[in-house]
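Report on the following structure.
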Amino acid sequence: MRPARDWNSSVRFCILGSSSGGNCGLLQTPGSRVLIDAGFSARRTRAMLAAFNQSLDDIDAVFLTHEHSDHVNGLRGLAKLENIKVFATYATSCAVQSAMPEVKIRWQIVERGASFSFGDLTVRTFAVPHDAMDTVGYLFSTGDGSAENPARSLAWMTDLGTVTENAARSAALADILVVEANHDIRMLEESSRPFSLKQRIRSKHGHLSNAQTLEYLKSVRSPRWKHIYLAHISPECNSVGLVREIFGEALDPEGACPISIVDPASGCPDVTEIGPWQRSNPDPERTRVVRQPEMF
Ligand SMILES: [Zn+2]
Ligand SMILES: [Zn+2]
Numbered sequence: 068m069r070p071a072r073d074w075n076s077s078v079r080f081c082i083l084g085s086s087s088g089g090n091c092g093l094l095q096t097p098g099s100r101v102l103i104d105a106g107f108s109a110r111r112t113r114a115m116l117a118a119f120n121q122s123l124d125d126i127d128a129v130f131l132t133h134e135h136s137d138h139v140n141g142l143r144g145l146a147k148l149e150n151i152k153v154f155a156t157y158a159t160s161c162a163v164q165s166a167m168p169e170v171k172i173r174w175q176i177v178e179r180g181a182s183f184s185f186g187d188l189t190v191r192t193f194a195v196p197h198d199a200m201d202t203v204g205y206l207f208s209t210g211d212g213s214a215e216n217p218a219r220s221l222a223w224m225t226d227l228g229t230v231t232e233n234a235a236r237s238a239a240l241a242d243i244l245v246v247e248a249n250h251d252i253r254m255l256e257e258s259s260r261p262f263s264l265k266q267r268i269r270s271k272h273g274h275l276s277n278a279q280t281l282e283y284l285k286s287v288r289s290p291r292w293k294h295i296y297l298a299h300i301s302p303e304c305n306s307v308g309l310v311r312e313i314f315g316e317a318l319d320p321e322g323a324c325p326i327s328i329v330d331p332a333s334g335c336p337d338v339t340e341i342g343p344w345q346r347s348n349p350d351p352e353r354t355r356v357v358r359q360p361e362m363f
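First residue of the sequence shown: 68, per the working numbering; consecutive thereafter.
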């Protein structure tokens, strides 16, 4: 018989939404509840959290990747909540603050490439090439490696034109990987978008295409990943159906590593849960269960 579920010792992750209309993820560890990016209004974020039985009042911090509006639009409302600290690089904080000078944000400035602690999290930032001031990805880790509190980690990298070696090194350390599959190159070419915008999206500082992301994922030997989220899908230049077709069986024919696709319109109901216990039964339908290999 498996031990009773103890949410307090589990790590849970879900994506509230991800597209050019807004980006926000939720990571819950035994000692922290944090958002990654804040692309939705506070009211909408609260409603989205409620759908996952979470409250905005319990959020400790927001970790920003960069200043584009689909990642920071919610700060106006979120900044009113006194318990929320906002982590960003200095250049990102300046860009955000100059766009919303009236908003008082409790900044926690982080350096690109640095590691630091927040609650029970160890957070590492890594540079990603994107056309913003100082875009970063994040590697969040928690746990001391014991059976009760095993090491568990999440890498978040959306909004990047290329997967650099440095970014790939950080992402390879994660149990849960969030990476973008932004556009299909042909749909982008055939879209009515202005030439300059097409150039920007497909540049080395733009966004990853389906083909680039697939090539990157396939290039990683013996990945640690136990769950992959494909995010920041363009509603005009990509589709969930196409992403499913391209990535589906190509990555994991045995289905050992679930792949969740974040619909740009409706989001993603999946929750990754990594606990210290051994699980034998599938969870309720909206939850995907990811087990720690050492517990098998
Ligand atoms: Zn974006
Ligand atoms: Zn961006």
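Don't be surprised by glycine CBs; every beta carbon is placed ideally from N, CA and C.
Could you tell me which residues DSSP puts in a beta bridge with isoleucine 49? Residue coverage of the chain in this structure runs from 68 to 363, which leaves residue 49 outside it and unanswerable.
Within 10 Å of its beta-carbon, does leucine 83 have 16 or more other beta-carbons around it, so buried, or fewer, so exposed? Buried is the call here.
First and last residue of the beta strand (DSSP E) that includes methionine 224? That run of the beta strand (DSSP E) goes 219-224.
Expected contact under 8 Å - CB spacing of glycine 98 and aspartate 187 to nearest Å: Contact flag correct, Cβ pair sits at about 3 Å.
C-alpha distance - glutamine 266 paired with aspartate 198, whole-angstrom precision: Straight through space, the alpha carbons of aspartate 198 and glutamine 266 are spaced by roughly 12 Å.
Nearest neighbour of glutamate 169, chosen from Asp124, Asp337 and Arg143 [CA to CA]: Checked all of Asp124, Asp337 and Arg143; the closest Cα to glutamate 169 is Arg143.
Taking 7 Å as the cut-off, is the CB of aspartate 226 close to at least one heavy atom of ligand 2? The answer is yes for aspartate 226.
What are the partner residues of tryptophan 174, as DSSP defines its beta bridges? Under DSSP, tryptophan 174 takes part in a beta bridge, and its partners are Val153.
Isoleucine 126 (DSSP reduced to helix, strand or coil): Residue state, collapsed to three classes: coil.
Assuming contact is defined by CB atoms lying nearer than 8 Å, are glycine 270 and glycine 228 in contact in what I supplied? Just to set this straight, residue 270 is serine in the shown sequence, not glycine. Their beta carbons are under 8 Å apart, which means serine 270 touches glycine 228 by this criterion.
Say the cut is 7 Å; is the CB of alanine 199 nearer than that to a heavy atom of ligand 2? Yes, the beta carbon of alanine 199 sits closer than 7 Å to at least one heavy atom of ligand 2.
Distance check for glycine 88 and histidine 135, CA to CA, integer angstroms please. Cα-Cα distance, rounded: 11 Å.
Quick check on this structure: which residue in Ser276, Ala194, Ala162 and Gln121 has the alpha carbon closest to the alpha carbon of arginine 236? Among Ser276, Ala194, Ala162 and Gln121, the Cα nearest to that of arginine 236 is on Ala194.
Looking at the structure shown, is valine 195 part of a helix, part of a strand, or coil, going by DSSP? The three-state secondary structure of valine 195, taken from DSSP, is coil.
Identify whether valine 287 lies in helix, strand or coil by the three-state DSSP scheme. Coil, per DSSP.
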